[in-house]
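>
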């Protein structure tokens, strides 16, 4: 687990370092072309290798996104970049697919390099905000997982209810009704017993209708 986090952190940090070096090198004039090339690669992979690319176990797309976003940010004035919100998008993406320590560690890496563009008090706020992205995104991802689990539990319960209704309840109600019909066909039964058995049959019929209505309502509410 730790080695996996370190491995991912290394490549994410490398993408940030390369982006930063590129932004201060003479090759900076080719930034638009480089961004266009890597964006084209990403779009191509998204279209033709969607399942492999966005597999949770495949982190290459995050590294590619990281490189593209960092190129944009570092070449548009860092903390004062109009596209700075993309950093939040990047950190949320990382947090949804990785443990919180990785997001926090990578946030610190970004802070180190983005602090080079710190030139006013207003620039401090977006810099500090990066530290809060990790716990916030972790909380949101946990809520999402909990919601998915709840939906799965509801689906399981719904299936169990319909299975019980169709295989157990209906069968037993039908069996009881048949037994009551047999009893009612006996001529030696006293009138009071006949009335009681008929009353039981009516209640069983009402119970069967109520249960059928309830299962339909459950089905409609969970759709």
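In the working numbering, the protein residues as written are 8 to 230.
Just so you know, even glycine gets a beta-carbon here, dropped at the ideal spot from N, CA and C.
Report the option in 11, 29, 79, 32 whose CA atom is closest to the CA atom of residue 89.
79
> Is the number of C-beta pairs between the region 137-148 and the region 110-118 that are closer than 8 angstroms three or more?
yes
> Tell me where the alpha helix (DSSP H) around residue 172 begins and ends.
No alpha helix (DSSP H) holds residue 172; DSSP gives it neither H nor E.
> Taking residue 18 as the reference, which of 39, 50, 53, 71 has the closest Cα?
The shortest C-alpha separation from residue 18 is found at 71.
> Smallest Cα separation from residue 220: which of 204, 169, 188, 186?
169
> Cβ of residue 4 within 8 angstroms of Cβ of residue 31?
Outside the displayed span of the chain (8 to 230) sits residue 4, for which this structure offers no information.
> Reducing DSSP to helix, strand and coil, say where residue 224 ends up.
Helix.
> Mind checking whether residue 48 and residue 104 have CB atoms under 8 angstroms apart?
no
> What are the boundary residues of the alpha helix (DSSP H) that residue 6 is part of?
With the chain running from 8 to 230 in the structure shown, residue 6 is simply not present.
> With H, G and I counted as helix, E and B as strand and the rest as coil, what does DSSP make of residue 77?
helix
> Please check the pair residue 82 and residue 23, which I expect to be a contact at CB under 8 angstroms, by giving their CB distance rounded to whole angstroms.
Not confirmed; about 13 angstroms, so no contact.
> Rounded to a whole number of angstroms, what is the C-alpha to C-alpha distance between residue 39 and residue 73?
Here the alpha carbons of residue 73 and residue 39 stand approximately 16 angstroms from one another.
> So residue 107 packs on residue 142, CB below 8 angstroms; how close in whole Å?
7 angstroms
> Thinking C-beta only, is residue 120 closer than 8 angstroms to residue 27?
yes
> With the cut-off set at 8 angstroms, would you say residue 133 and residue 86 are in Cβ contact?
yes
> Using a threshold of 8 angstroms, state whether the C-beta atoms of residue 201 and residue 191 are closer than that.
yes
> Quick check on the DSSP output: the alpha helix (DSSP H) that includes residue 100 runs from which residue to which?
92-104
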